[in-house]
Amino acid sequence: MYKIKLICENCKCTFEEYKSRLKRPGRGRFCSRKCKDIFYKKGSTLVCALCNKNFYRADCENNRNNSQNVFCSTDCYFQWRKITMKGSTYPKIGAIHIHRIVAESIIGRKLTKKEVVHHKDGNRHNNHPSNIEIIPSQADHAKLHFTKKR
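For any residue, its number in this note's numbering is found by taking its place in the sequence shown, counting from 1, and adding 21.
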């Protein structure tokens, strides 16, 4: 058994490897496991929208959403939401959304979990009975919005 001189594909340094070990797949290309990991690392360094900290994220994780805002942690994300999303959610009484209470009073029964309340004018805060429509499912609600866009 003798060693052969090879060149690392990542850092271009020379290293030696036994000839018998080169028969295994992936052997003889890198001088160390660290160099191999760096070579195969696919991702990018991003900047957190809240704390401006640089962080690494794999490409497969970057393509999850189309948002321009990226965050280094869930804590940063929820802090950002507290700052920027004030008043954009539906108003509630306790844990129940007001528009669902109004809809239940219109039809005289409790709404099922599948039923969706639609605001005809698009204003989430306008809970007047004339502005509320009950849709049987989320799929039908999505279709309604799709046809309105066209």
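Every residue, glycine too, gets a C-beta built ideally from N, C-alpha and C. Every value quoted in this text rests on a predicted model; they were computed, and no experiment measured them.
Same chain, Cβ closer than 7 Å to residue i, five either side skipped, listed in chain order
{"i": "residue 162", "result": "137, 139, 156"}
{"i": "residue 147", "result": "140"}
{"i": "residue 93", "result": "69, 72, 74, 76"}
{"i": "residue 150", "result": "123, 127"}
{"i": "residue 166", "result": "none"}
Beta-carbon contacts of residue i that lie in its chain and below 8 Å, excluding the five residues immediately before and after
{"i": "residue 80", "result": "63, 64, 65"}
{"i": "residue 90", "result": "70, 101"}
Residue i - DSSP class collapsed to helix/strand/coil
{"i": "residue 39", "result": "strand"}
{"i": "residue 170", "result": "helix"}
{"i": "residue 97", "result": "helix"}
{"i": "residue 33", "result": "coil"}
{"i": "residue 91", "result": "coil"}
{"i": "residue 132", "result": "coil"}
{"i": "residue 53", "result": "coil"}
Per DSSP, cross-strand counterpart(s) of residue i
{"i": "residue 65", "result": "78"}
{"i": "residue 154", "result": "139"}
{"i": "residue 25", "result": "38"}
CB of residue i within 8 Å of CB of residue j, strictly
{"i": "residue 120", "j": "residue 153", "result": "yes"}
{"i": "residue 40", "j": "residue 25", "result": "yes"}
{"i": "residue 135", "j": "residue 158", "result": "yes"}
{"i": "residue 50", "j": "residue 30", "result": "yes"}
Cut-off 6 Å between Cβ atoms - residues of its own chain near residue i, not counting five sequence neighbours on either side
{"i": "residue 34", "result": "52"}
{"i": "residue 32", "result": "56"}
{"i": "residue 142", "result": "152"}
{"i": "residue 133", "result": "none"}
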